[in-house]
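Peer 1: Before anything else, here's the structure in question.
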Amino acid sequence: MHRAQAELDASGVQILAISTDNLDGPAALAAAQGYEFPVLYTSLDSSIPKEYGVFDLFGDGLASASIFLVDTNGKIVWQSIGLNYTHQVEAAEIIEQVELLR
Amino acid sequence: MTTGQVRNSRGFIAISFIAVLFVLAAACGGEVSSPAAGGTAAPSAEVEHPPSSPTVLPSATDVAAPAVSISADGESWEQVGVPDSSSNTDTTESDPTEPPLINTPSPVANTAPDFTLPSIQGVNYSLSQFRGERPVAVVFYRAYW
Numbered sequence: 001m002h003r004a005q006a007e008l009d010a011s012g013v014q015i016l017a018i019s020t021d022n023l024d025g026p027a028a029l030a031a032a033q034g035y036e037f038p039v040l041y042t043s044l045d046s047s048i049p050k051e052y053g054v055f056d057l058f059g060d061g062l063a064s065a066s067i068f069l070v071d072t073n074g075k076i077v078w079q080s081i082g083l084n085y086t087h088q089v090e091a092a093e094i095i096e097q098v099e100l101l102r
Numbered sequence: 001m002t003t004g005q006v007r008n009s010r011g012f013i014a015i016s017f018i019a020v021l022f023v024l025a026a027a028c029g030g031e032v033s034s035p036a037a038g039g040t041a042a043p044s045a046e047v048e049h050p051p052s053s054p055t056v057l058p059s060a061t062d063v064a065a066p067a068v069s070i071s072a073d074g075e076s077w078e079q080v081g082v083p084d085s086s087s088n089t090d091t092t093e094s095d096p097t098e099p100p101l102i103n104t105p106s107p108v109a110n111t112a113p114d115f116t117l118p119s120i121q122g123v124n125y126s127l128s129q130f131r132g133e134r135p136v137a138v139v140f141y142r143a144y145w
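Top line first, the protein sequences correspond to chains A and B.
Mapping of the first sequence onto our numbering: residues 1 to 102, in sequence order.
Mapping of the second sequence onto our numbering: residues 1 to 145, in sequence order.
This is how it looks when you write it as structure tokens:
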């Protein structure tokens with residue numbers, strides 16, 4: 001994810017990572033603080049993942065691993081919703097979509 | 001004695017290993033050669049069929065032969081069509097049960113829902129603060145990401 005961060009920075013995308021995990025633990029905090037992008041947390045409020053339609057898809061009370069690419073007008077131009085536990089999106093895939101915005 | 005037994009056992013293992021290799025090589029050779037033979041045989045069979053069917057049409061009696069062929073084709077298409085429709089309904093019924101999803105993702109409006117959230121870096125971020133500046137990748141992540 002660090003290399004992805006560098007590639008995405010070069011493409012001009014702002015990453016906002018949103019976690020529904022419990023980030024209160026010091027170990028989780030330390031691991032997350034290694035990220036250079038903002039890591040937001042919604043441990044007490046699941047309304048935002050619900051608004052994005054990705055909350056509790058697996059019945060575990062967490063958001064599924066999903067990415068929404070929002071353009072400068074606030075419109076969702078691309079999305080990748082995790083429909084299984086192993087879902088991951090490559091940074092190159094996001095960058096490709098960002099290039100399509102221009 | 002023990003070293004001799006060890007050498008004998010090693011030699012036996014080596015010989016058996018080589019034998020296995022030969023068997024594998026023979027099996028691979030057989031697999032490679034048999035499709036090649038089938039490939040050469042299949043085109044010749046296909047080439048033989050087109051000349052045979054045109055020769056049948058002019059040589060056959062004008063009335064009886066076309067009537068038989070049409071009815072045979074109609075029966076065959078009906079027999080194929082019925083199992084296809086039943087299998088299609090089976091697949092559509094079995095598909096929703098296979099995914100592990102408990103809830104289905106709800107569609108999101110074209111406009112991304114705005115939010116303001118605290119970050120572990122201690123600063124609040126909102127989606128709308130980047131409007132007009134940069135595209136934003138909103139990443140819902142789980143612990144391993």
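Ideal placement from N, C-alpha and C gives every residue a C-beta, glycine not left out.
Nothing here was measured: the structure is a model prediction, and the numbers come from that model.
Could you pull the DSSP bridge partners for A:V98 from this structure?
Peer 2: Locating residue 98 of chain A in the first sequence gives position 98, counting from the first residue. Per DSSP, none; premise fails for A:V98.
Peer 1: Quick one: Cα of A:D21 to Cα of A:I76, how far?
Peer 2: Taking the first residue of the first sequence as position 1, residue 21 of chain A is located at position 21. Taking the first residue of the first sequence as position 1, residue 76 of chain A is located at position 76. For A:D21 and A:I76, the distance between alpha carbons rounds to 24 Å.
Peer 1: What residue does the alpha helix (DSSP H) around A:S47 start on, and which one ends it?
Peer 2: Counting from 1 along the first sequence, the entry for residue 47 of chain A is found at position 47. Counting along the chain, the alpha helix (DSSP H) containing A:S47 begins and ends at S47 to E51.
Peer 1: What is the rounded straight-line gap between the Cα of B:F130 and the Cα of A:E99?
Peer 2: For this step, residue 130 of chain B is matched to residue 130 along the second sequence. For this step, residue 99 of chain A is matched to residue 99 along the first sequence. Spanning the two alpha carbons is a distance of roughly 18 Å.
Peer 1: Is DSSP giving B:S76 helix, strand or coil here?
Peer 2: In the second sequence, the residue the question calls residue 76 of chain B occupies position 76. With a pLDDT of only 38 at B:S76, under 50, the local geometry of the prediction cannot be trusted, and the value read off the model is given with reservation. Three-state DSSP puts B:S76 in a helix.
Peer 1: Apart from the five residues just before and just after B:D114, which ones in its own chain have a Cβ nearer than 8 Å to its Cβ?
Peer 2: Here residue 114 of chain B is taken as the residue at index 114 of the second sequence, counted from 1. The residues are S126, L127 and S128.
Peer 1: So, is B:I102 buried or exposed, given that buried needs 16 or more other C-beta atoms within 10 angstroms?
Peer 2: Working through the second sequence from its first residue, we reach residue 102 of chain B at position 102. It counts as exposed.
Peer 1: Closer than 9 Å, CB to CB, is A:E96 near chain B or not?
Peer 2: For the purposes of this step, residue 96 of chain A is taken as residue 96 along the first sequence, with counting starting at 1. Chain B, which has no Cβ nearer than 9 Å to the Cβ of A:E96, makes this no.
Peer 1: Taking the alpha-carbon positions, what's the A:A17 to B:F140 distance?
Peer 2: Numbered from its first residue, the first sequence carries residue 17 of chain A at position 17. Numbered from its first residue, the second sequence carries residue 140 of chain B at position 140. Their backbone Cα atoms lie some 6 Å apart in a straight line.
Peer 1: With burial defined as no fewer than 16 other Cβ atoms inside 10 Å of the residue's Cβ, what is the status of A:Q88: buried or exposed?
Peer 2: By one-based count along the first sequence, residue 88 of chain A stands at place 88. With fewer than 16 Cβ atoms within 10 Å of its Cβ, A:Q88 is classed as exposed.
Peer 1: Take B:T104 as the anchor and find which of A:A65, A:E90, A:L57 and A:F37 has the nearest alpha-carbon.
Peer 2: Taking the first residue of the second sequence as 1, we reach residue 104 of chain B at position 104. For B:T104, the nearest C-alpha among the options comes from A:L57.
Peer 1: Could you round the C-beta distance between B:E133 and A:T42 to whole angstroms and report it? I think they count as a contact, below 8 Å.
Peer 2: Sequence index remark: in the second sequence, residue 133 of chain B carries index 133 (1-based). Sequence index remark: in the first sequence, residue 42 of chain A carries index 42 (1-based). In fact, because the Cβ distance is near 23 Å, the residues do not count as touching under 8 Å.
Peer 1: A:Y35 lies in the beta strand (DSSP E); which residues open and close that run?
Peer 2: Counting from one through the first sequence, the residue named residue 35 of chain A turns up at place 35. Counting along the chain, A:Y35 falls outside any beta strand (DSSP E), and DSSP gives it neither H nor E.
Peer 1: Where B:R142 and A:I95 are concerned, what is the direct C-alpha to C-alpha distance, given to the nearest angstrom?
Peer 2: Residue 142 of chain B sits at position 142 when you count from the first residue of the second sequence. Residue 95 of chain A sits at position 95 when you count from the first residue of the first sequence. Answer to the nearest angstrom: the Cα atoms are 21 Å apart.
Peer 1: What's the gap between the Cα of A:I15 and the Cα of B:P118?
Peer 2: Residue mapping note: residue 15 of chain A aligns to position 15 of the first sequence, counting from 1. Residue mapping note: residue 118 of chain B aligns to position 118 of the second sequence, counting from 1. Those two C-alpha atoms are separated by around 15 Å.
Peer 1: Which residue marks the beginning of the beta strand (DSSP E) containing A:F68, and which one marks its end?
Peer 2: Taking the first sequence and counting its residues from 1, the one referred to as residue 68 of chain A is at position 68. Note, A:F68: beta strand (DSSP E), S66 to V70.
Peer 1: Against A:E51, what residues of chain B qualify as contacts under a CB-to-CB distance less than 7 Å, listed in chain order?
Peer 2: Along the first sequence, read from residue 1 onward, the residue named residue 51 of chain A stands at position 51. Under the 7 Å cutoff, chain B gives P113.
Peer 1: If distances are taken between C-alpha atoms only, which option among A:A6, A:S64, A:A63 and A:S80 comes closest to A:V70?
Peer 2: In the first sequence, counting from the first residue as 1, residue 70 of chain A sits at position 70. A:V70 has its Cα closest to that of A:S80, out of A:A6, A:S64, A:A63 and A:S80.
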